[in-house]
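Since the structure comes first, as structure tokens, the remarks are kept for the end.
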Amino acid sequence: MLTFAFRKILTLLGTMIGIAALTFVITNIAPGDPARLVAGPNATEDMVATIRSEYGLDKSLPEQFIVYMGDLVRGDLGTSIVTTRPVLEEVMRYAPATLELVFVAMFLGIVIGVPLGMLSAVYKDGPLDQVTRIFSISGVALPAFWFGIILQLMFAVDLEWLPVSGRLPLVTRPPEFVTGLLLVDSLIAGKFSTFWVSLQHIILPAIVLSFPCLASILRVNRAEMIEVLQSDYIVAARAHGISSFRIVALYALKNAMLPTLAMIGLRFGWMLGSTVLVETVFDWPGIGLYAVSSALSSDFKPVVGVTLMIGFFFIVANTLVDLAYAWIDPRLRKA
Amino acid sequence: FERTDKGNVIVFGGRQAIPVLDPHIRYDWSTRMMQQAVYDGLVKYEGDPAEIKPWLAEKWETSEDGKTWTFHLVKNAKFHNGDPVNAEAVRYSFERGLKLNKGVAWMLKDFLAPEGISVVDDYTVKFELKGPYTPFLSFLPWWYIVNPAQVKAHEVDGDYGQKWLTDNEAGSGPFKLGRWEPNVLYEAEAVTDYWKGWPQGEANRPAGVIFKIIREPAAQKAALQRGEVDIVEGLTPDDYVQIARAKGIAIEDHKGMTTFGIKFNTQQGPTADINLRKAIAYAMDYDALIQVYNGAASLETSPIPDAMRGHIDVPGIPRKDLAKAKEYLAKSGYPNGGITLPYVHVAGLEEARRIGLVLLDSLKPLNINVEIKPEQWPNMVANGSKVETSPSMTSVYTTPVSTDPDAVAYQYHKNSWGQYFAMMFYDNPKVTEMIDKARSSSNWDERAKLYADIQTQIVADQPEVFGMLQNRRWARRDYLQGFQFSPVRFTGEVDLYPLWVKSE
Amino acid sequence: MTALLDIKNYRLDIGTFDGPVHVLKGINLTVNRGDTVGIVGESGSGKTVLVRSVLGIGPRNAKVVEGSISFDGQDITNLPEKDWTKIRGIRISMIFQDPMTYLNPLFTVGRQISDVIAAHEKAAGTGVSSKAARRTRTEDLLDQVGLPNPSMLFSQYPHQLSGGMRQRILIAMALAGKPDILIADEPTTALDVTVQAQVLDLINSLVEKLNLTVIMISHDIGAIATVAKRCAVMYKGEIVEQGMTQDILNRPQHEYTQRLLAAVPDIDIAPEKVAAEATAAKPSKPGHLLEAIDLKKVYRSQSGADFTAVNSLSLSVKTGEIFGVVGESGSGKSTLARMLMRLIEPTSGDIIFDGQNISGLSGEPLRKMRRHMQFVFQNPHSALNGRHTIGDAIGEPLRIQTNMSRRDIEARAEALLDIVQLPKMFKYRYPHELSGGQKQRVCIARAIALNPRLLILDEPTSALDISVQAQVLDFLQELRSELNLTYVFISHNLAVIRQICDRTIVMKRGEIVEQGDTEQIFMAPREDYTKALIESGRKTSQAANLQV
Amino acid sequence: MDTPAEASRPLTFRERHASQIRQWRLYAHMFRKSFSSMLGLTLVVLFLLLAAFGPLIVPYPEAASGAINMSAKLQPPSSTYWFGTDEMGADIFSRVIIGARTSLWIGVVITGLAAIVGITLGIIAGYRGGWVRAVIMRITELFLAVPGLALALAIVAALGPGITNCVLALAIVWWPGYVRLVEAKTLSIKEELFIESARSIGAKTPWILWHHILPNCMSPIIVKMSMDMGMAILSAASLGFIGLGAQPPSPEWGSMISVARTYMPDWWWYSLFPGAAIFLTVLGFNLLGDGLRDILDPRSRDR
Ligand SMILES: Nc1ncnc2c1ncn2[C@@H]1O[C@H](COP(=O)(O)OP(=O)(O)OP(=O)(O)O)[C@@H](O)[C@H]1O
Ligand SMILES: Nc1ncnc2c1ncn2[C@@H]1O[C@H](COP(=O)(O)OP(=O)(O)OP(=O)(O)O)[C@@H](O)[C@H]1O
Ligand SMILES: [Mg+2]
Ligand SMILES: [Mg+2]
């Protein structure tokens, strides 16, 4: 078990370094000059040079890369040239907002997607199946940014049921920082009104983010359910007189959950990527927004940092999925 | 606005974040708006037309040769932690700005060395310049005074407290910092006993101001209409028209100093040909430029904005005239057109993009194709810093940081090559000479004449399509009072100090 | 007394894209309490569909055209789903063919059985008993089917058990509801020869102990003879013959039954005709065509442990003979065959083909060499690429190894189809449109396309029905004399080996335990292993049971 | 039994290809039975038609090349401007229709490039095994560990906005999906007997890859490509929305929305129609892919 954990950590480290190298190279192939941006429009050449040398941008690219990798090994993601702060610190500040959003969206996706998938598998080719099929594929096909705007207009601007954007109303002070997830922190602090308003704020972006994920969870669950329901052991269970409900809800679901879990792991990473869009639309102060604004100002250290962070969460999520697999599937449980 | 137990908090909705508050490092509009709220300078720009008002300095004098400036400070000014604002603080602040060599440093560094600043007595400070420099005073409103004691206390590795000042302040301004949630909101709390007092009266004084980041215009509009914010910037021209009709909303619409021009690369490529440049300038649909802003703009009549001293209406500045355009085209190296010219604009700048479309449409009759290319600002500046990489046409907005005509004229000086506003690589020795002469002269009449000649000559050389001056606009709730416009501020920037809420 | 199960003139269609398929055509079958009925018939004759219909779990788009099934006086032909709960698994239960796929891999064995018990208790309306009570009952059942250490088994997962154990678990499950009828659908087909006998014994003993009524399906007539007193023969959806097993075996009436019985090879009969032909061929071509010296294959498993599949094995095959390789499953027969073909690399040792050492060969020379030796695989269903037509499949070796023109290849493919006695038309068909025997012929055609000198046949008939097996074996012998081939023939079926091989080696755990003339080995086995092998072969050999 | 004369008669096309014809008829039959598949097909065909003939049928084809008409800007939908006009007075209907061509191009290039690279690498990795596979799969996993959109964003941000860069960036992040799909498929096909059979008759590796492995991987690839057409269009639109995709005056739906969102909600039609166009196109390709999966992927086939 220990060697297993050790190996996992080792691959994780390897992948992280790989991602860092990949994004670093990709983002630095272009001629952009972020020092020029932060120096201000009128800055003279020597002022720009001051900033360049301060951030090591005057070095050659391979040198910069070596420095960056060296820092990375020590847990330093470099410094954002725009905000002059360590990227790690900033990513840590913005990550909870993103994670909270992703968790809520994932929750919605699973809670709605799995039962719907089950139902449409049981009533395969029936009207319910056709409707959920179009519904779920619509989920994947809807442009998140567009859908977000439309929801915003409908529920926030027009009906005024929900807030337009942000995580909290202006005057509401965030609860004391424990996990960084407002929904959790406000409960810990016992501030139910804060919990309530932050729930209102998260609803729309979470729906937008969860929709495609819900859809693919539904699709995978349905497909797997159909296959499992045709499998021999389900036939056998039926032949042995086990009730249909029990077969579907217990036996088949557990088997169908394996690929569904894999999809959830995949979608987790995908969601982290899509927050780039959703956070832009809903002004959600997470790492997606941070990445976009950094990318738009050619400030690449944060872009690399965020990509790494997303990769990290993604790998962690998939490791958890692997563990869940082993927990569900006894065949994978051998020493 | 938000009602709190301490009073009303005014909410400003803006699109641009404030990554670094340090007054000697950055000075874009959102940053400067907050800096102006928490810091004081020796002097301050106010009013339209902009005038330099005494602030921390109650009076000042200049030596005969224009090289020595002596400032006498007010005696009651206090930093937020209670320390007095004295001559040493002023000296330290200027030294800090110059030594860091970032942000505002470029304004003074060629004329002022850190050693040139000296403390005469507790409330008197003296600047000795390397040479006479008439625009000196016009730059001072951009230099804020920080509290040396606080800064030194937070210094790490001799960084002049840069790290700390990123999201803290050590100022004496009318506000002090409250909540600081990067990328979300920034709060400034009013200083109860601000040394200069409050223009709207203590009773009307707000408890503070919140600068809320709202990136989407649609969300900004919604927030304004719902009264969640009191004033917003950065709506589209059409939005302003639309929202002006809504109840309870007033539009602030003022003539600004930001010029828009389509800069040609006058040294290389097709646009090195003056006839082609003229042809383009005459083909341009200037009316459409104004239409892009729904009328809230005025055409440039000279390189120097109207609100600036020394401005003249240059006669014969090109307006749309297809016949003339074709005439010039015939004289150029491309008599039948058939070329494609790039038009580069800053990615995300909506109006610049639309003007690109206008240009594209305007040049169709000349059989010239336009390729609209958005670029990230740093890339655009990087490309524009060299003749070889500078595109044929670049759209550039320029906001002069002082009211002195030199601020604009110097853009056409050969020394400015490499700067973003000098992407045309304009080279006319006569003009260069005149600019040098004007900037060192302290006789206004002489300067005015020189600037008139400079303007005429530049227009004749057509290094750019002279575009328009866009109006500065904000949409605010009508209960928000005290709004004061001054053209020398940046687009979007509002003086938060005099604002107050009139409750019905 | 009414019959327990009465199937009257039962006709069933299955709707497919090409229109309805008449799967069952007027089945009449009665089963009385205490009967043991066997159903025998070739693959696809409708056995499974028939018994599943009895349980109400027939194919999805099946339609009863005519007739009825009644159980204990109750018509169950079109019983609604909710009424089935009182019958299915309780009064009629079933044992399935493949014990692995019929157990849910994610639940413990104990859980699955006690769930069945709970379901039955619920259906009976007696109220579900406690977990502990169910556990006791489950362990009783496990004990009853002869599984050791039931309390440990209870919390094990299917993948931790062997095939025979799993089949016993399935039987335990089927017995959980104390059924009136137990249906066994080919309960032994997926099992090893030795285990087969054990499971059949178990069923036999249960029938006696619990006085069960049993319907057992098999295409293995020997298995049927072991268990069933009465027997029905199905052919193409019809019951062509039924009666006492004894009678049918001794006096088959229907033509198909006669064919079926004739096809069963008899381990105890020394084949004369074949042996004679082989001896005739021998002297004409002396010398050794293929030799293996000290061959060894070591597999390294993921956990790092070494496993020696073939160990220091030497053999030599004379030109023109049929060389038999026999051994139990896992003894390394296929591994050996693949090494001889150089399809897998031997860990050490040499292979000499026609005087040339081919163990070091690679690239072009190896490809050239392959013209002379060919392989026929165990499973014809997966040895053909489903996306190629038969014509392509047969032409492929020619296209690879020769530069014949397209037209010539077409012609040759047609000729080859002729040789393997298939219509020319078949070259436009796809593998899935052919029966197993036909596919195996295509595989052979493909193997002989390049006129090889040696054919290695790895259990070429074990995936086929017995009647088809006989055809293929006959055909192989014809072919050999026609084309002057040498065979290496692998099988675990001793009867087959005896029927066609000249010389044989017996393998056990990768080593040769005995070798010599086939007849000699069968008449006077020297090793205990060989004796045991022959004995268990004899026991399951269909012919052995005919004499019961 | 055939008489000898009959047997030697050359077979007609129909007879020779009876199996294929039946197969295709079966596909068509199954496909027709599903409403959603037919809907998908209809949408895709419509989209392809518009991409082919769009510029010929729209009322204001010049709107796609940047013609402006400031006097008619931001007009609501009417009989002259079916979908209204944009901020420069261009006809949104014309731009949306002509945008189909841009989208088609985007989808085809991204999916095509990704598929070519991904299939090649995937087959090599799956078949060769060993360190070749290890290297290819490590790199693939690396790419897969970063959500594509985030990576594409970084790439375009570095290369600079524009449709070519955007397509390039998406192609760069897209191929790993194919590698994984094809590698897994190849691994399982490699174990099939018919591969060994082909080796035993002396087939070389390229022959086996081309004639045996690739055709057997084709069904999932076709399904994935159909789905990816939609997803690629959507992703390109997303980048366009962030402001990094296609540039004016090229009519690309995502960048149209990017501009249009600042005109919400008062000028709702501006973003509504391009958004609906993206949605319907992507929906079409996905429904089609889903329908294809049902008929091509034997796992979900039950007849
Ligand atoms: N779901 C189905 N759809 C169409 N045809 C089917 C279906 N199930 C079975 N058949 C057909 O019904 C016939 C009888 O099949 P069945 O499974 O009963 O054969 P079997 O005698 O059990 O064969 P085996 O010995 O191979 O198990 C076969 O021709 C088969 O193709
Ligand atoms: N690729 C492999 N890796 C590891 N072990 C293997 C591999 N192939 C075969 N073996 C093992 O080698 C042994 C011999 O296998 P082989 O297939 O040769 O047996 P066999 O005699 O042909 O059996 P059967 O009658 O079941 O076909 C078996 O125990 C098998 O598990
Ligand atoms: Mg069967
Ligand atoms: Mg074998």
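Chains as they are written, first to last, in our numbering: chain A, 937 to 1271; chain B, -4 to 499; chain C, 11 to 558; chain D, 3 to 305. We treat Cβ as the ideally placed atom computed from N, Cα and C, and that holds for glycine. As the structure is a computational prediction, the values presented were derived from the model and not from experiment.
*Please report the Cβ distance between C/Thr58 and C/Gly334, rounded to the nearest whole angstrom; I am assuming they are in contact, meaning their Cβ atoms lie under 8 Å.*
The residue you call residue 58 of chain C lines up with position 48 of the third sequence. The residue you call residue 334 of chain C lines up with position 324 of the third sequence. Between C/Gly334 and C/Thr58 the Cβ distance is about 34 Å, and since that is not below 8 Å, they are no contact.
*asked:* For A/Gly1224, report the span of its alpha helix (DSSP H) as first-last.
replied: Residue 1224 of chain A sits at position 288 when you count from the first residue of the first sequence. In the DSSP assignment, A/Gly1224 falls within the unbroken alpha helix (DSSP H) covering Ile1223 to Leu1232.
*Residues within the segment 91 to 106 of chain C neighbouring chain A, beta-carbon criterion of under 7 Å*: Per Cβ criterion, the list reads Thr95, Arg98, Gly99, Ile100, Ser103, Met104 and Phe106.
_Same chain only: Cβ atoms within 7 Å of A/Pro1032, ignoring 5 sequence neighbours per side_ = Counted from its first residue, the first sequence places residue 1032 of chain A at position 96. Thr1115, Gly1116 and Leu1117, listed in sequence order.
_Residue range of the unbroken beta strand (DSSP E) whose run includes C/Met104_ = Locating residue 104 of chain C in the third sequence gives position 94, where the first residue counts as 1. Where C/Met104 is concerned, the enclosing beta strand (DSSP E) stretches over Ile102 to Ile105.
*Considering B/Gly2, what are the terminal residues of the beta strand (DSSP E) in which it resides?*
Locating residue 2 of chain B in the second sequence gives position 7, counting from the first residue. Note, B/Gly2: beta strand (DSSP E), Gly2 to Gly9.
_Quick test of your reading: B/Ser88 and B/Tyr139, contact by CB under 8 Å. State the CB separation rounded to the nearest angstrom._
What you label residue 88 of chain B is simply residue 93 of the second sequence in a count that begins at 1. What you label residue 139 of chain B is simply residue 144 of the second sequence in a count that begins at 1. So it is a contact: roughly 7 Å between Cβ atoms.
*Using alpha carbons as the reference points, say which of B/Lys368, B/Asp301 and B/Asp456 lies closest to B/Val483.*
For the purposes of this step, residue 483 of chain B is taken as the residue at position 488 of the second sequence. Comparing C-alpha distances from B/Val483 to each of B/Lys368, B/Asp301 and B/Asp456 shows the shortest one belongs to B/Asp301.
*Check the Cβ-Cβ distances between A/Thr980 and every residue of chain D, and say whether any is below 8 Å.*
Reading the first sequence from its first residue, position 44 is the one you call residue 980 of chain A. A/Thr980 has a beta carbon lying at 8 Å or more from every beta carbon in chain D.
*asked:* So for B/Met252, helix, strand or coil by DSSP?
replied: As a working mapping, residue 252 of chain B is identified with position 257 in the second sequence. Correct three-state label for B/Met252: strand.
_Limits of the unbroken alpha helix (DSSP H) element including A/Met1272_ = Absent from the structure is residue 1272 of chain A, since the part of chain A shown begins at 937 and ends at 1271.
*Is any heavy atom in ligand 1 found nearer than 7 Å to the beta carbon of C/Ile24?*
Along the third sequence, read from residue 1 onward, the residue named residue 24 of chain C stands at position 14. Checking every heavy atom of ligand 1 against the Cβ of C/Ile24, one is found closer than 7 Å.
*Please specify which runs of the alpha helix (DSSP H), each continuous and at least 4 residues long, are wholly inside the segment 1086 to 1150 of chain A, giving them in chain order.*
Complete alpha helix (DSSP H) runs here, min 4: 1118 to 1124.
*Quick one: residues in its chain with C-beta nearer than 7 Å to the C-beta of C/Phe387, no 5 flanking neighbours on either side, listed in chain order?*
The residue you call residue 387 of chain C lines up with position 377 of the third sequence. Closer than 7 Å at Cβ, skipping near neighbours: Ala393, Cys453 and Asp468.
*asked:* So B/Pro232 and B/Tyr288 are supposed to be a Cβ contact under 8 Å. How far apart are they, rounded?
replied: Indexing the second sequence from 1 puts residue 232 of chain B at position 237. Indexing the second sequence from 1 puts residue 288 of chain B at position 293. Rounded, the Cβ-Cβ distance is 5 Å, consistent with contact.
*Is C/His309 near ligand 2, judged by its Cβ being under 7 Å from some heavy atom?*
The residue you call residue 309 of chain C lines up with position 299 of the third sequence. One detail in the question is off: residue 309 of chain C reads as Tyr in this sequence, not His. Under cutoff, so the answer is yes.
*Run the proximity test for D/His315: is its beta-carbon closer than 7 Å to any non-hydrogen atom belonging to ligand 1?*
Because chain D here runs from 3 to 305, residue 315 of chain D falls outside it and cannot be looked at.
*Run through DSSP, which three-state label would C/Glu355 get?*
As a first step, residue 355 of chain C is located in the third sequence; it is residue number 345 there, counting from the start. C/Glu355: coil per DSSP, three-state reduction.
*Hey, quick one: how far does the alpha helix (DSSP H) through B/Tyr281 stretch, first residue to last?*
Looking up residue 281 of chain B in the second sequence gives position 286. Looking at the DSSP string, the run of the alpha helix (DSSP H) that includes B/Tyr281 is Tyr281 to Val287.
_CA-to-CA distance, D/Ala278 to A/Phe1081, given in whole angstroms_ = Translated into positions along the first sequence, residue 1081 of chain A becomes position 145. Translated into positions along the fourth sequence, residue 278 of chain D becomes position 276. Put simply, the backbone Cα of A/Phe1081 is about 12 Å away from that of D/Ala278.
*Verify the CB distance criterion: does D/Gly2 have a CB-CB separation below 8 Å to chain A?*
Outside the shown range of chain D, which is 3 to 305, sits residue 2 of chain D, and nothing can be said about it.
*Residue from C/Val33, C/Thr540 and C/Ile544 with nearest C-alpha to C/Lys246*: Taking the first residue of the third sequence as position 1, residue 246 of chain C is located at position 236. The shortest C-alpha to C-alpha distance from C/Lys246 to any of C/Val33, C/Thr540 and C/Ile544 is the one to C/Val33.
_Per-residue DSSP class, three states only, for D/Ser302_ = Position 300 of the fourth sequence, counted from the first residue, corresponds to residue 302 of chain D. Residue placement at D/Ser302 is poorly supported in this model, since its pLDDT is 43, which falls under 50; the coordinates still yield a value, given next. DSSP, reduced to helix, strand and coil, places D/Ser302 within a helical segment of the structure shown.
*Using CA coordinates, which residue listed in B/Pro212, B/Val489 and B/Asp35 is at the minimum distance from B/His75?*
The sequence position of residue 75 of chain B within the second sequence is 80, counting from 1. Per the C-alpha coordinates, the member of B/Pro212, B/Val489 and B/Asp35 positioned closest to B/His75 is B/Asp35.
*In this structure, does DSSP put B/Ser397 in helix, strand or coil?*
Counting from 1 along the second sequence, the entry for residue 397 of chain B is found at position 402. Coil.
*So, is the C-beta of A/Lys1190 closer than 8 Å to a C-beta in chain C?*
In the first sequence, residue 1190 of chain A corresponds to position 254, counting from 1. So, interface residue.
*Can you give the Cα-Cα distance for D/Ile36 and B/Asp473, rounded to whole angstroms?*
Counting from 1 along the fourth sequence, the entry for residue 36 of chain D is found at position 34. Counting from 1 along the second sequence, the entry for residue 473 of chain B is found at position 478. Contrary to the premise, residue 36 of chain D reads as Ser rather than Ile in this sequence. Cα to Cα, the separation comes out at about 59 Å.
*List the residues that DSSP assigns as beta-bridge partners of C/Gln208.*
Translated into the one-based positions of the third sequence, residue 208 of chain C becomes position 198. The partner list for C/Gln208 (beta bridge, DSSP) is empty, contrary to what the question assumes.
*asked:* Just to confirm my understanding: we take A/Met952, look at its own chain, exclude 5 residues before and 5 after, and list those with CB closer than 7 Å. What are they?
replied: Stepping through the first sequence from its first residue, residue 952 of chain A is reached at position 16. Excluding sequence neighbours, A/Met952 sits near Leu1244, Gly1247 and Phe1248.
*Which chain B residues are close to D/Pro2, counting only those with a beta carbon under 9 Å from its beta carbon?*
Residue 2 of chain D is absent from the model: chain D starts at 3 and stops at 305.
*Name the DSSP bridge partner or partners of C/Gly334?*
Working through the third sequence from its first residue, we reach residue 334 of chain C at position 324. In the DSSP assignment, the residues bridged to C/Gly334 are C/Phe499 and C/Thr514.
_Three or more C-beta pairs below 8 Å linking the segment 309 to 326 of chain C and the segment 337 to 347 of chain C_ = Contact between the segment 309 to 326 of chain C and the segment 337 to 347 of chain C is present, because at least three Cβ pairs lie under 8 Å.
*Would you mind reading off the limits of the alpha helix (DSSP H) that contains B/Lys73?*
To locate residue 73 of chain B, count along the second sequence from 1; it is residue 78. Per DSSP, B/Lys73 is not a residue of any alpha helix (DSSP H), being assigned neither H nor E.
*Give a single yes or no on whether C/Ser53 has its beta carbon closer than 7 Å to a heavy atom of ligand 1.*
For the purposes of this step, residue 53 of chain C is taken as the residue at position 43 of the third sequence. Taking non-hydrogen atoms of ligand 1 into account, the C-beta of C/Ser53 is found less than 7 Å away from one of them.
*What residue does the alpha helix (DSSP H) around B/Met463 start on, and which one ends it?*
The residue given as residue 463 of chain B occupies position 468 in the second sequence. Careful: B/Met463 lies outside any alpha helix (DSSP H), inside the beta strand (DSSP E) at Glu459 to Arg472.
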